[in-house]
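**Student:** Chains as they are written, first to last, in our numbering: chain A, 1 to 291; chain B, 1001 to 1358. Structure incoming, see below.
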Amino acid sequence: MELLAQQLITGIATGGIYACMALAVVMIYQAIHHLNFAQGEMAMFSTFIAWQMLAWGVPYWLVIPLTVALSFVGGVAIERLVIRPLGDAPVLSHIVVFIGLFAIINSLAGFIWDFTIKPFPSAFGEGSRFGGLISNHQLGMIAVTMTVLLMLFLFFRYTRVGLAMRAAAENPASARLVGIRVGWMIALGWGMAAAIGAIAGILIAPIVFLEPNMMLSILLYGFAGAVLGGLTSPIGAVFGGFMVGIIENLAGTYIPEIGGELKLPIALFLIVTVLVFKPTGLFGRTVVQRV
Amino acid sequence: MSVNTTTTDARQAAASTTATGPAGAVKAVSLPEPAAASGNAKIMRTAGIALLIMGLTAPFMAGNFLIFQLTMMLIYGIAILGLNILTGINGQFSLGHGAFYAVGAYTAAIMMDQFGVGYLWTLPVAGIICFIVGFLFGLPALRLEGIYLALATFALAVVTPQLFKLSPFEHWTSGVMGIVISKPEAPLGLPLNPDQWLYFLTLAIGLVAYVCARNLVGSRTGRALMAIRDNPIAAGSMGVNTALFKSLAFGVSALYTGVAGALGAIVVQYISPDSFTFTLSVALVVGLVVGGVGWLPGALFGGAFIMFVPNIAEELSKGLSGAVYGAIMILMMYAIPTGLGGLLKAALTALSKRSKTG
């Protein structure tokens, strides 16, 4: 029973990270209808920036807002400089550009900070609560992701800019007619996705350790979460991310054949199974096509 | 006929409309005038023969390492050709073709290593096994479209090396250790060194593969595949068995890539799970897009791009080679979003229009 509770909590903690990545993916998908394959690398780069500032002796409480702000600017810049000039090129050209971004960011991080694995300190310190049931870091992860998700919900629900962003994603033509600057809303979406990714990266780095390839599997789980909940539903993506985290941990613990080495294929299995039985995800909208 | 290879998907057609001006220009791309078509065909044929002569003489002038690189270029070309049948002709995305390449490579390596089968026999077996695997993967893929299929296949690409590391298969795959294969000698006492022999073998297989792909695209089956790409509902209502043909496209595509993988294993003489990370799948997609989606000869140029451009990037900057390669990719997409095939098509259209008016 204690093992089950422990695994559930671990699942919820890592699931929160997947939920953040899934949400970042869905935000960009809603804005430009393309999957950002470089999302994980953007988060990784942000995490390296945070690490560098910590190494320079900047206090932790200052590092996080600084990193988030820098990531936001970086996300907007990438949209403005790299994605925008592409216009409505074919889907595959977009995918190649994302691959190019992936390569550039990965190589830059390796060049600046090299490819050795670095430990990343937790913002919440060592130790654990409730008789070892949950570590401080896990508790912090859950608290931070919950706060981020709640703030995003409030932002999209109750602010003018949030409403404008939703309108721009839902119906760009009409949004432009009522005076919303759709282009900047998309750039804002990129910035926010990058900022969410930065938080996810900082939270997961103490667990997976810091290195340029650390986010690849996290991104895959994020994709799995996004697909599980539906690429058209931000709330669904968050739910999907938590589900993926829990399933991953429980399956890894209770199905001995899976163990550690098959954890990643679970993500593949989940993606394919969900898509086969419910192609729009659990909360997704079905797109009706006129013949 | 060039008519078959010049059909584009609606998206590309829309893109080229903006690139070439009035909407009438698109019509000229998909249905060229007979005179212009034969003129273009002549240009293409001359270019093809010139390329073939270059291909036949190259191994006598190049060093062994360059021959090896050229062989790998052809192998990637064959794999991209397979991907082109799936994506360019049938309109299904795959970011996971490295998995089929890996299956082909492992089939060849295990047959040679465990059962002592001659290397030539491993190629058809790898093809058949990959056809079956691809067909089976194509069945669930029937439910997926566009970006969802891209996602599922991307997941397959990331997972592939882990699948080949699994302990139950270790007896055959030797796990992370990988399998070493010995290099075959030229048969019948041909005056060729092993590198040259493998080059010519690959070239011959590549030519056969290309001719087969062309004939497939020109056949009834090819038209069914393109009809599904352009409008699946219309194709279905005209009596095309959409499910069967989509799965078949996956199977045939995997067959090509699997044969390429088997050849790759023989040429490189060593395989391990980490030879087939998702970067391989990604490279194949990059080659496909750079060569031109839907334009079969583009596979050769795509193969050349993914073989040689990373080396060029490495020479430009050792530490930042990945960044240089990524930047080249992005710049290519700005310059020619529809790949070399799209560029060539636009150029030929402009040429034939000028010869008609002037």
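Idealized CB from N, CA, C, for every residue including glycine.
1. Quick one: what's got a C-beta closer than 8 Å to residue 1147/B's C-beta in the same chain, skipping five residues either side?
2. Comparing the CB of residue 215/A with every heavy atom of the ligand SAH, is any distance shorter than 7 Å?
3. Check the C-beta distance from residue 1329/B over to residue 1069/B and give it rounded, since I have them as a contact under 8 Å.
4. Straight-line CA distance for residue 20/A to residue 180/A?
5. Beta-carbon separation of residue 1264/B and residue 1075/B under 8 Å?
6. For residue 117/A, name the three-state secondary structure that DSSP assigns.
7. Roughly how many angstroms separate the alpha carbons of residue 1207/B and residue 1256/B, rounded to a whole number?
8. Can you tell me which of 1139/B, 1297/B and 1131/B puts its alpha carbon nearest to the alpha carbon of residue 275/A?
9. Kindly indicate which three-state DSSP category residue 210/A falls into: helix, strand or coil?
10. Which whole runs of the alpha helix (DSSP H) in the segment 79-167 of chain A are 4 residues long or more, in chain order?
11. Taking only the alpha-carbon atoms, compute the straight-line gap between residue 145/A and residue 272/A and give it to the nearest angstrom.
12. Just to confirm, is the Cβ distance from residue 215/A to residue 43/A under 8 Å?
13. What do you get for residue 114/A, buried or exposed, if any count of 16 or more other CB atoms within 10 angstroms of its CB means buried?
14. Would residue 1321/B pass as an interface residue toward chain A - the criterion being a Cβ-Cβ separation below 8 Å?
15. Let me know the alpha helix (DSSP H) ranges lying completely inside the segment 1278-1329 of chain B, each 4 residues or longer, listed in chain order.
16. Would DSSP call residue 180/A helix, strand or coil?
17. For residue 223/A, which residues in chain B fall below 9 Å Cβ to Cβ?
18. Could you work out which residues of chain A lie near residue 1045/B, taking near to mean beta carbons separated by less than 8 Å?
19. With C-beta atoms as the reference, is residue 1143/B less than 8 Å away from residue 212/A?
20. What number of angstroms, rounded off, separates the C-alpha of residue 75/A from the C-alpha of residue 187/A?
21. For residue 249/A and residue 174/A, what's the separation of their Cα atoms in angstroms?
22. When DSSP labels each residue in this structure, what does residue 218/A get in the three-state scheme?
23. According to DSSP, is residue 1158/B helix, strand or coil?
24. For chain B, check one thing: does any of its Cβ atoms lie closer than 8 Å to the Cβ of residue 172/A?
25. Chain A partners of residue 1122/B, CB-CB under 8 Å?
26. In terms of residues, what are the limits of the alpha helix (DSSP H) holding residue 1211/B?
27. On the criterion of 16 or more Cβ atoms from any shown chain inside 10 Å, does residue 1065/B qualify as buried, or is it exposed?
28. Could you check whether the segment 115-126 of chain A touches the segment 47-64 of chain A, counting it as contact only if at least three pairs of C-beta atoms, one from each stretch, sit closer than 8 Å?
29. Note down the Cα distance separating residue 1397/B from residue 1278/B, rounded to an integer number of angstroms.
30. So, helix, strand or coil for residue 1240/B, using DSSP?
31. Pairs of beta-carbons, one from the segment 1268-1285 of chain B and one from the segment 1193-1211 of chain B, closer than 8 Å: are there three or more?
32. Go through its chain and collect everything with a Cβ distance to residue 208/A's Cβ below 6 Å, but skip five positions before and after it.
33. Interface residues of chain A around residue 1338/B at Cβ under 9 Å?
34. For residue 255/A, which three-state DSSP category applies?
35. Name, please, each residue of chain B whose Cβ falls closer than 9 Å to the Cβ of residue 106/A.
36. Closer than 8 Å, CB to CB, is residue 234/A near chain B or not?
**Tutor:** Taking the definition as stated:
1. Along the second sequence, one-based indexing puts residue 1147/B at 147. Contacts found: 1093.
2. As far as ligands go, the structure on display features none, and thus does not contain the ligand SAH.
3. The count along the second sequence starts at 1 and reaches residue 1329/B at position 329. The count along the second sequence starts at 1 and reaches residue 1069/B at position 69. With a Cβ gap of about 20 Å, residue 1329/B and residue 1069/B do not count as contacting.
4. Sequence index remark: in the first sequence, residue 20/A carries index 20 (1-based). Sequence index remark: in the first sequence, residue 180/A carries index 180 (1-based). Distance between the alpha carbons of residue 20/A and residue 180/A: 27 Å.
5. As a first step, residue 1264/B is located in the second sequence; it is residue number 264 there, counting from the start. As a first step, residue 1075/B is located in the second sequence; it is residue number 75 there, counting from the start. Cβ atoms of residue 1264/B and residue 1075/B: closer than 8 Å.
6. In the first sequence, residue 117/A corresponds to position 117, counting from 1. Looking at residue 117/A - three-state DSSP - the assignment turns out to be coil, as it is neither helix nor strand.
7. Against the second sequence, residue 1207/B aligns to sequence position 207. Against the second sequence, residue 1256/B aligns to sequence position 256. Their backbone Cα atoms lie some 12 Å apart in a straight line.
8. If you number the first sequence from 1, residue 275/A lands on position 275. Ranking the options by Cα distance to residue 275/A, first place goes to 1139/B.
9. For the purposes of this step, residue 210/A is taken as residue 210 along the first sequence, with counting starting at 1. Looking at residue 210/A - three-state DSSP - the assignment turns out to be strand.
10. 91-113 and 136-158
11. For the purposes of this step, residue 145/A is taken as the residue at position 145 of the first sequence. For the purposes of this step, residue 272/A is taken as the residue at position 272 of the first sequence. Answer to the nearest angstrom: the Cα atoms are 27 Å apart.
12. As a position in the first sequence, residue 215/A is number 215, starting the count at 1. As a position in the first sequence, residue 43/A is number 43, starting the count at 1. Going by C-beta atoms, residue 215/A is nearer than 8 Å to residue 43/A.
13. For the purposes of this step, residue 114/A is taken as the residue at position 114 of the first sequence. Its Cβ having fewer than 16 others within 10 Å, residue 114/A is exposed.
14. The residue you call residue 1321/B lines up with position 321 of the second sequence. Chain A contact via Cβ: present.
15. 1278-1291 and 1298-1316
16. Here residue 180/A refers to the residue found at position 180 of the first sequence. Of the three classes helix, strand and coil, the one that applies to residue 180/A here is coil, per DSSP.
17. The residue given as residue 223/A occupies position 223 in the first sequence. Going along chain B in sequence order, the residues near residue 223/A (Cβ under 9 Å) are 1151, 1154 and 1155.
18. As a working mapping, residue 1045/B is identified with position 45 in the second sequence. Per Cβ cutoff of 8 Å: no residues; residue 1045/B is ~28 Å from chain A at best.
19. Taking the first residue of the second sequence as position 1, residue 1143/B is located at position 143. Taking the first residue of the first sequence as position 1, residue 212/A is located at position 212. No.
20. Here residue 75/A corresponds to residue number 75 of the first sequence, with the count starting at 1. Here residue 187/A corresponds to residue number 187 of the first sequence, with the count starting at 1. Going by the C-alpha atoms only, they are around 8 Å apart.
21. One-based indexing of the first sequence puts residue 249/A at position 249. One-based indexing of the first sequence puts residue 174/A at position 174. Each residue's Cα considered, the two are about 44 Å apart.
22. Residue numbering aside, residue 218/A sits at position 218 when the first sequence is read from its first letter. Looking at residue 218/A - three-state DSSP - the assignment turns out to be helix.
23. Taking the first residue of the second sequence as position 1, residue 1158/B is located at position 158. Reduced to three states, the DSSP call for residue 1158/B is helix.
24. Counted from its first residue, the first sequence places residue 172/A at position 172. No, because no Cβ of chain B sits closer than 8 Å to the Cβ of residue 172/A.
25. Position 122 of the second sequence holds residue 1122/B. The premise fails here: residue 1122/B is roughly 27 Å from chain A at the closest Cβ pair, so nothing lies under 8 Å.
26. Here residue 1211/B is taken as the residue at index 211 of the second sequence, counted from 1. Unbroken alpha helix (DSSP H) run through residue 1211/B: 1194-1218.
27. Taking the second sequence and counting its residues from 1, the one referred to as residue 1065/B is at position 65. Looking at its Cβ environment, which holds fewer than 16 other Cβ atoms inside 10 Å, residue 1065/B is exposed.
28. yes
29. What the structure shows of chain B is the stretch from 1001 to 1358, and residue 1397/B is not part of that stretch, so it cannot be assessed.
30. Sequence index remark: in the second sequence, residue 1240/B carries index 240 (1-based). Note: residue 1240/B maps to coil in three-state DSSP.
31. no
32. In the first sequence, the residue the question calls residue 208/A occupies position 208. 214.
33. The sequence position of residue 1338/B within the second sequence is 338, counting from 1. Result: 89, 90 and 93.
34. Counted from its first residue, the first sequence places residue 255/A at position 255. It is coil, neither helix nor strand.
35. Walking along the first sequence from the start, residue 106/A turns up at place 106. The answer, in chain order, is 1322, 1323 and 1326.
36. In the first sequence, residue 234/A corresponds to position 234, counting from 1. Output row for residue 234/A: interface = no.
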